[in-house]
Each structure stands twice: as structure tokens, then as C-alpha cells.
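> So the sequence shown is numbered by full-length UniProt numbering: it starts at 1 and just counts up by one. Glycine included, every Cβ here is placed at the ideal spot set by N, Cα and C.
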Amino acid sequence: MNAEDIETIAVLGAGNMGHGIAEVAALAGYEVRLRDINEELVESGYDDIEWSLGKLEERDQLSEEEADAALDRVTPVVELEEAVADVDFVIEVVPEKMDIKQDVYREVEEHAPDEALFVTNTSSLSITDLAEVTDRPERFCGMHFFNPPVRMQLVEVIAGAETAEETLDTVEALAEGFGKTPVRVRKDSPGFIVNRVLVPLMNEAAWLVEEDVATIAEVDSATKFDMGLPMGSFELADQVGIDVGYHVLEYMHETLGEAYEPCPLLAEKVEAEELGKKTGKGFYDYENGKGADVPTDAGTEEIESRLLAVMANEVAKLIGNDVAPASDIDEAVMLGAGFPSGPAKLADERGLDDLHATLDDLHDETGAARYAPADYLGEAAQSGGFYDRNGDGDEVAFENIEVSYPGEQVGRVALDRTHRMNTIDLDLLDELSAAIDRLEADDDVRAILLVGAGDQAFSAGADVQSMAASAAPLDAIELSKKGQQTFGKLQECDMPVVAGIDGYCLGGGMELATCADLRIATERAEFGQPELDLGLLPGWGGTQRLQQIVGMGRAKEIILTAERYEAEEMAEFGFVNEVVDGDLESAAFDQAAALAAGPPIAQKFTKRAMLRGWEDTDAGLEIESQAFGHLVNTDDLMEGVTAFMGDSEPEFEGK
Ligand SMILES: C/C=C/C(=O)SCCNC(=O)CCNC(=O)[C@H](O)C(C)(C)COP(=O)(O)OP(=O)(O)OC[C@H]1O[C@@H](n2cnc3c(N)ncnc32)[C@H](O)[C@@H]1OP(=O)(O)O
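1) Could you name the residues that DSSP lists as bridge partners for residue 565?
2) What separation, rounded to the nearest whole angstrom, lies between the Cα atoms of residue 206 and residue 615?
3) Is it buried or exposed, residue 272, if we count other Cβ atoms within 10 angstroms and call 16 or more buried?
4) Tell me which same chain residues have a C-beta within less than 8 angstroms of the C-beta of residue 297, skipping the five on either side of it?
5) How should residue 410 be labelled, buried or exposed, when 16 other C-beta atoms within 10 angstroms of its C-beta is the threshold for buried?
6) Rounded to the nearest angstrom, what separates residue 369 and residue 158 at their Cα positions?
7) Taking the straight line between their C-alpha atoms, what separation do you get for residue 476 and residue 387?
8) Among 310, 267, 230 and 426, which residue has its Cα nearest to the Cα of residue 622?
9) Quick one, are the C-beta atoms of residue 436 and residue 515 less than 8 angstroms apart?
10) If you drop the 5 nearest sequence neighbours on each side, which residues of the same chain put their C-beta closer than 6 angstroms to that of residue 309?
11) Would you identify the three-state DSSP class for residue 125, choosing helix, strand or coil?
12) Throw me the rounded Cβ distance for the residue 321 and residue 187 pair, which I believe falls under 8 angstroms.
13) So is the beta-carbon of residue 465 under 7 angstroms away from any non-hydrogen atom of ligand 1?
14) What is the DSSP secondary structure of residue 100, reduced to helix, strand or coil?
15) I want to check one thing, is the minimum distance from the CB of residue 534 to the heavy atoms of ligand 1 below 7 angstroms?
16) Between the Cα of residue 624 and the Cα atoms of 636, 420 and 611, which residue gives the shortest distance?
17) Return helix, strand or coil for residue 537, following the three-state DSSP convention.
18) Any idea if residue 390 is buried or exposed, counting beta-carbon neighbours within 10 angstroms, 16 or more meaning buried?
19) Are the stretch 181–195 and the stretch 325–332 in contact at 8 angstroms, needing three or more beta carbon pairs?
20) According to the Cβ coordinates, are residue 348 and residue 385 closer than 8 angstroms?
21) In the DSSP assignment, find the unbroken beta strand (DSSP E) run with residue 137 in it and report its ends.
22) Check whether the stretch 166–179 touches the stretch 34–41, counting contact only when three or more Cβ pairs, one atom from each stretch, lie closer than 8 angstroms.
23) How far does the alpha helix (DSSP H) with residue 669 in it extend, from its first residue to its last?
24) I'd like the span of the beta strand (DSSP E) that includes residue 184, first residue to last.
25) To the nearest angstrom, report how far apart residue 71 and residue 549 are at their CA atoms.
26) Just reading off the beta strand (DSSP E) that residue 433 is part of, what are its end residues?
27) In three-state terms, what does DSSP make of residue 395?
28) Excluding the 5 residues preceding and the 5 following residue 589 in the sequence, name in chain order all residues of the same chain whose CB lies nearer than 7 angstroms to its CB.
29) Spatial neighbours of residue 446 within its chain, please: C-beta separation below 7 angstroms, excluding the five flanking residues on both sides.
30) Measuring from the CB of residue 376, is there a heavy atom of ligand 1 at a distance below 7 angstroms?
31) Taking the alpha helix (DSSP H) that residue 657 falls in, what are its first and last residues?
32) For residue 503, count neighbouring C-beta atoms within 10 Å of its own C-beta (all shown protein chains included) and say buried if the count is 16 or more, exposed if not.
33) Name the DSSP bridge partner or partners of residue 144?
34) Can you tell me whether residue 350 is helix, strand or coil according to DSSP?
35) Can you confirm whether the stretch 537–553 touches the stretch 479–488 when touching is taken to mean that 3 or more C-beta pairs between the two stretches lie within less than 8 angstroms?
36) Let me confirm a value: residue 290 is counted as buried when at least 16 other C-beta atoms fall within 10 Å, else exposed. Which label applies?
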């Protein structure tokens, strides 16, 4: 079954997650059967959806008609047979107990249509074990939403041992139809990605306190202000519920072994029913105390090293066991846990050699299984990092782009298919993606300059000839996603990116330029999104990203008319930052070099806060304030202030 064939969805379980998922599906236009075991529970879930839609309406995120239409699409049901009898898709969201979930699926199998797909929303249980009770394990997988589903962007899509590739593709497409970002978990591995990284981190934080190495305040200060994570480790445990983390850990302990032995400190809290915010008290006191009051400068090097080393080890186990690649792990943890940077990238920045040595020392000292370094950590350390920092290993040979280092800490990427106006095909996308990784991992590069080779074009867009070769809808969807993701990588890159634009900047070329931070163009540069003239649409992010720069009205004009625009006009629209009538290359290079001399940490967090704020102002503001706190402790701040007082030029080192 393809995602387009899905019209009706049964959501089994109307609790917190269940009604949230039902709301997301209804908002995306699906007919939803919301089912729970009695009238009271199902009505309560339905009322919660109505309340939540009302809130979205109050905040002008929905019109009254849209909210009413979404609610109309939800049908509350108690009889399981009625809920699943004629649906295309079943999402089970019942309590997190294997026997309950299996019982539900045994019954669902009796009544659901043969072709329906089944998914389970579980945060840790085995997808394979659950699928076994059905007659369709190849059409069964995990679909793990995060709480609250209406606001959280991430959906982990988890393969069971027998799940068919086609099922995963369909579930991912459905998640995208829900407006979410799916991340594939290739193997049914306990904790999947996000919990697999977060829960051992929380456990290690507890061990640090249990072993009297540090206090709760010191650990949280290190997590929040030295590592730059959104919350302290204990603050996070209180937020998600200490019992929730503890149960996932117990499950990992049972299935994965001693490395996941829960720290007694966590067990004590669970026994005392001090479970965090939800009970008023956990590691912090939310009723009689001030709640999580984390000092900004109490962290130590030792705490940070231990936490980072344990986290890097989990990342290595996930990559080494082929559960997910580094980029997917980073994306999942950033979206699911609000990390400003992914754990693989954080570990690379710290240096895997260093973290491997930390684990070795701790393992020798304590003999504890949790410090045994994963084999893959050693391999990745040798090859320079999870992201191939040294550029060897799986290095991509560049044939369609040229990467060079013109000095002043600028990395230059030239699109180089001059015979075809620097048009973009799949190979070029792969190379661009690898080049961004390489430049990001290079400590000597602090800004990227992106230009088109030759004297005719920045880029005339997607190579329509090679696109015609992949005319099948599924191939085209993949091509669109690949372009969106590659350009998104440039947009999310921590360094400033300057595009120098001469000649044609059309279609996909313009979508690429849209992802730079600044655009400098020659007077003769010509811009446009001609896709509609070809019966297409801008499929590499153009329908979404252009409006963020020029506003919805202009973006619609540019895309719907498919007209060409001169550089001066695009400057008036706010798309081009500067129009030059002379040497573009040196003007764009000077701009990139000026940005490369800026404060890297402040630049990185500024970009992240602004980008997250596009989707969610509250999330952007949170990153802004956390980063502000973090920056106060940097050498760069001292350098900036000292230079200001001494009337000299600062020399920022990104420390
Ligand atoms: C998701 C993203 C979707 C998209 O991006 S869809 C593509 C959007 N882009 C376009 O529609 C632009 C198409 N190209 C043009 O309109 C014109 O070209 C130009 C205005 C850019 C230049 O016109 P002129 O100066 O007369 O040169 P020429 O002879 O048309 O082009 C030189 C060579 O470049 C090839 N070429 C240009 N654009 C593309 C393209 N987008 N895809 C594939 N090839 C392209 C031509 O075919 C030709 O090649 P040969 O010399 O072998 O005949």
C-alpha cells in the first residue's frame, strides 16, 4: 500500500499520546477512528482533541473552519471491530506493556482488512515480538511519536525483523503527510535512537552523583552550560519522569546487558515515588523548592568528559550495529530532545580519541561494563570521527563540484558542470553533501563560499535531462527529498554561508542559494523559479524556504508567475544582500572572510536559534536564552569585550 492509498486511520488508545496522534492525523485530512476501551476514556480523548484544536485556533494557527473540519474527521469508537473494520492503517497507542499490546493486535488481526498496515507507537518495546502475533509482520513496524505529538516534529519509524522496505517507505511518507520528520531506525534495537542516547546519559549522570564524583547541581551545570544541552541531565529526568527513563533502562538492562545497569539513585527515586515534575518532586522540588535551579559555572571537565564519552559510545553502538547513520542519529536527537547539535557532532567536536581514552581509563579503573568502548568507537576515532573528519575512508571524489581553500578560513565550493550551466543532478547533490560535511569537520574553515564555475551561471537548476530519466513518481519523490535534505544541510550548517551569484540562478539553483545566509550577486545575475513553466513545482525546498526570505506574497509571485528577475529587483525583495558591478568573486570572498573572522560559537547558536524559530518561536527563544547563558562563559566573549575596550580587532578562536 502507498501513502496515497491511505484515507482512514484507526488510533487505538485515546490517552495522552493517542488523542495527540489522532489530532495530528485529522489535521492532515485523514478520517480517524479514535478507540478506547470504554465510553468515558474515548470521550475524554475526544474532548482533549477539541480543547487542543481550540488552542491552535486561539493562537491563529488554524481557522475556525479548519478546526471544525479536523474535529469532524474524528469518530469516537468503543468497539474494536467497528474501529478497525474498514481502515487502511492502524496505529496502536495502548499502555506500554508487551502483553497488552499483543492482545490488542491479536484482536485487531481478526477484524482489520487484509491489506491494512499496522504500526505501534512504543518508545522501547520490541517491534519484532509485537509483529509476531499478527499475520502480517512484513506490513508491521514501529511509529514512535514524541510528546506532545501536535508540537513535536520527530517520528522514529522502526523496522521489525520482517518489515518490508515498502512498508517503511509508506509509513515515512505518511509521517511526512502528517507534517512530521521521520527518521528511520533500521533495526529493532532497544530505545531506538533518541532514548538509546538520552537514557544512558541520564544513568551516567546518576552514577556520577552515586559515586560522589559530583553533585546534582554540578552535573546539571556541566550538561546545560558546558555541553550546551537544553536542560541539565537531572532536570531532563524530572521533566520526562524518572520512572519513564528508569523503565526504559531496565528494559535495556534485560535485553542488552550489564552496560545498562540502572544506577541505584534512580531506583530509590522511583521507590519513593518522587518521579519528577509530575509528582511535584524528583531530583528537584517543584512544590516547596525553586524547581530546577541550575548554576551556570559549577560544571567540571571530568563530568563533561564522562557524559560525552558515554553518549559517544551509544552513538557508536547505533552506527556500528547499522541501526542508523550519524546524520540520522543527530537529526533524531535534535528534533526529539531539542539538542542544539547532534550527539555525533558533539562527540566529533570533542574528539573521539579523547572520548575513547576516557572510557578506557574508566573501564580499567572500575571494571564497569558501561565503560567498555564499542568496537565502532575505535574505528570511528581512527578515521577521524563519526563524520569522517579526516576526509579519508568513504571519501567522495568530486567531479561535479570543486572544493578549495582560498585562505582567511574560507572553504570555497564551486558548482562545476559548466557544460550544462552548472545544473544539479543526483551525483552533484551527493558531492555537495559530502563537501559540507568535510568543511564542517575542518577546524581551519569558518565560513563557506558557494559559487558557480564558469561565466554563465550560478546554476540553471535541476538537470531536467537526468530528471526525465527518473520519471517514475517514487524516484522523483526521492530526488525531491534528497535535494531538500542536501540544501537543508547547508542551511543548518553552523558556519556562515555566502553565495556569490553570477549569471543564471534558476529553479533548483535558486533553491540552493536560498539556503545560504547571505547572497551577493552581479548586476547581470538573473533569478527565477521556472518550474511551473515545466509543469513542475520547486521541489527542493522552494515552496517553503523562499517565503521565509521574501515573504509569502513575493514567493507566490516568483513561483506562480515563473518570471525572471534582475539582481536589483531581488535586492529590493530582500533576497539579494548586495549587488556588485565589479569582481563578484572578490566581493563575495571578502564577505565570507569577514564572517569567518566572527565569533564561531555565537554565530552557530544565532543560526540555530533563528532556524528553529522559523518553525517554532518558543523553541527558537529557548535556544536563544540557553545560548546566551553558554556564551557568557566563552573566551570569545572576553576577547570581544577586551577588543572593544582596547579599540582593537577581536581575534575569535571559537572557545
Ligand atoms: C527541483 C528543481 C527543479 C528544477 O530546477 S527544474 C529546472 C529549472 N530550470 C530551468 O527551467 C532552466 C532551463 N534552462 C534555460 O531556460 C536555458 O537553458 C537558460 C536560460 C538557462 C540558458 O539559455 P541559453 O543561454 O540559450 O543556453 P542553452 O543553449 O539553453 O543551454 C546551454 C546548455 O545547457 C543545457 N541546460 C540548460 N539548462 C538546463 C537544465 N535545467 N537541465 C539540463 N540542461 C540544461 C542546455 O540544454 C544546453 O545544453 P546543450 O548545449 O547540450 O544543448
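Checking against the coordinates, here is how it stands:
1) Position 565 of the sequence shown, counting from 1, holds the residue named residue 565. DSSP lists 527 as partners of residue 565.
2) Here residue 206 refers to the residue found at position 206 of the sequence shown. Here residue 615 refers to the residue found at position 615 of the sequence shown. Approximately 34 angstroms, taken between the alpha carbons.
3) Looking up residue 272 in the sequence shown gives position 272. Its Cβ having fewer than 16 others within 10 Å, residue 272 is exposed.
4) Taking the first residue of the sequence shown as position 1, residue 297 is located at position 297. Counting only Cβ-Cβ distances below 8 angstroms, and skipping sequence neighbours, we find 221, 225 and 633.
5) On the sequence shown, residue 410 is found 410 positions in, with the first residue counted as 1. Under this definition residue 410 is a buried residue.
6) Numbered from its first residue, the sequence shown carries residue 369 at position 369. Numbered from its first residue, the sequence shown carries residue 158 at position 158. Between residue 369 and residue 158, the C-alpha separation is close to 27 angstroms.
7) In the sequence shown, counting from the first residue as 1, residue 476 sits at position 476. In the sequence shown, counting from the first residue as 1, residue 387 sits at position 387. Their Cα atoms are separated by approximately 28 angstroms.
8) What you label residue 622 is simply residue 622 of the sequence shown in a count that begins at 1. Ranking the options by Cα distance to residue 622, first place goes to 230.
9) Walking along the sequence shown from the start, residue 436 turns up at place 436. Walking along the sequence shown from the start, residue 515 turns up at place 515. No, they are not a contact pair.
10) Translated into the one-based positions of the sequence shown, residue 309 becomes position 309. Contacts found: 355, 358 and 359.
11) For the purposes of this step, residue 125 is taken as the residue at position 125 of the sequence shown. Note: residue 125 maps to coil in three-state DSSP.
12) Taking the first residue of the sequence shown as 1, we reach residue 321 at position 321. Taking the first residue of the sequence shown as 1, we reach residue 187 at position 187. Confirmed, Cβ separation roughly 6 angstroms.
13) One-based indexing of the sequence shown puts residue 465 at position 465. Yes - ligand 1 has a heavy atom lying nearer than 7 angstroms to the Cβ of residue 465.
14) Here the question's residue 100 lines up with position 100 in the sequence shown. Three-state DSSP puts residue 100 in a helix.
15) Taking the sequence shown and counting its residues from 1, one reaches residue 534 at position 534. The answer is yes for residue 534.
16) On the sequence shown, residue 624 is found 624 positions in, with the first residue counted as 1. For the residues 636, 420 and 611, the minimum Cα distance to residue 624 belongs to 611.
17) Numbered from its first residue, the sequence shown carries residue 537 at position 537. It is coil, neither helix nor strand.
18) The residue you call residue 390 lines up with position 390 of the sequence shown. Its pLDDT being 44, under 50, residue 390 is placed unreliably by the model, and the measurement read from it follows with that caveat. By the 10 Å Cβ count, residue 390 comes out exposed.
19) yes
20) As a working mapping, residue 348 is identified with position 348 in the sequence shown. As a working mapping, residue 385 is identified with position 385 in the sequence shown. Yes; because the gap between Cβ atoms is below 8 angstroms, this pair is in contact.
21) As a first step, residue 137 must be located in the sequence shown, where it is residue number 137. Counting along the chain, residue 137 falls outside any beta strand (DSSP E), and DSSP gives it neither H nor E.
22) no
23) Nothing about residue 669 can be read from this structure; the chain reaches only from 1 to 655.
24) Taking the sequence shown and counting its residues from 1, one reaches residue 184 at position 184. Run containing residue 184: 181–185, per the beta strand (DSSP E) assignment.
25) As a working mapping, residue 71 is identified with position 71 in the sequence shown. As a working mapping, residue 549 is identified with position 549 in the sequence shown. If I take the Cα positions, the gap works out to 34 angstroms.
26) Taking the first residue of the sequence shown as position 1, residue 433 is located at position 433. It is not in any beta strand (DSSP E) - residue 433 instead sits in the alpha helix (DSSP H) that spans 426–441.
27) Taking the first residue of the sequence shown as position 1, residue 395 is located at position 395. Because residue 395 carries a pLDDT of 43, less than 50, the predicted location of this residue cannot be relied on, and no value is offered for it.
28) In the sequence shown, residue 589 corresponds to position 589, counting from 1. Excluding residues within five positions, the ones whose Cβ falls inside 7 angstroms are 406, 410 and 449.
29) Against the sequence shown, residue 446 aligns to sequence position 446. Counting only Cβ-Cβ distances below 7 angstroms, and skipping sequence neighbours, we find 409, 495, 596 and 600.
30) Here residue 376 refers to the residue found at position 376 of the sequence shown. No, the Cβ of residue 376 stays beyond 7 angstroms of every heavy atom of ligand 1.
31) Limits of the chain in this structure are 1 at one end and 655 at the other, which puts residue 657 out of reach.
32) Working through the sequence shown from its first residue, we reach residue 503 at position 503. Buried is the call here.
33) Numbered from 1 along the sequence shown, position 144 holds the residue referred to as residue 144. 156, per the DSSP bridge assignment.
34) Locating residue 350 in the sequence shown gives position 350, counting from the first residue. Residue 350 falls in the helix class under three-state DSSP.
35) yes
36) Against the sequence shown, residue 290 aligns to sequence position 290. Flag for residue 290 reads exposed.
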